[in-house]
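Colleague: Take this structure, written in structure tokens, and hold onto it; I'll ask about it next.
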Amino acid sequence: MGRYFIDCREMPSDKKCTLAMAADSEGELMEAAVQHAVAMHGHKDTPELRGEMKKVIHRGTPPAAAPRAA
């Protein structure tokens, strides 16, 4: 079993958010990332949002340097 991470720096945003988060399961990570997107970025919890987030979930741990935007 490994870790999964998502890095806000990979998502388009006017806020230039630098938050990265990690969890032991994709499901746990997805729920935390959706909560962050709703509370901090004003998104609605929709299947489209979750689909876009799923594309930028990675195995491992977040890098220290900013990833290239998708």
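Each residue of the sequence shown is one higher than the last, beginning at 1 in our numbering. Beta carbons are placed, not taken as given, at the ideal position from N, Cα and C, and that holds for glycine. Since the structure is predicted, the reported quantities are computational estimates derived from the model, not experimental observations.
State the DSSP-derived secondary structure class of methionine 11, mapped to helix, strand or coil.
Modeller: Coil at methionine 11, not helix or strand.
Colleague: Confirm, please, whether the CB-CB distance from aspartate 45 to valine 34 is below 7 Å.
Modeller: Yes, the pair counts as a contact, with Cβ atoms nearer than the cut-off.
Colleague: Check each candidate in Arg3, Pro12 and Arg59 and name the one with the smallest Cα separation from glycine 42.
Modeller: Considering only alpha carbons, the answer is Pro12.
Colleague: For the beta strand (DSSP E) that alanine 22 lies in, which residues bound it at each end?
Modeller: Element bounds for alanine 22: 20 to 23.
Colleague: What do you reckon, are the CB atoms on alanine 23 and tyrosine 4 nearer than 7 Å?
Modeller: Result yes, Cβ atoms of alanine 23 and tyrosine 4 sit closer than 7 Å.
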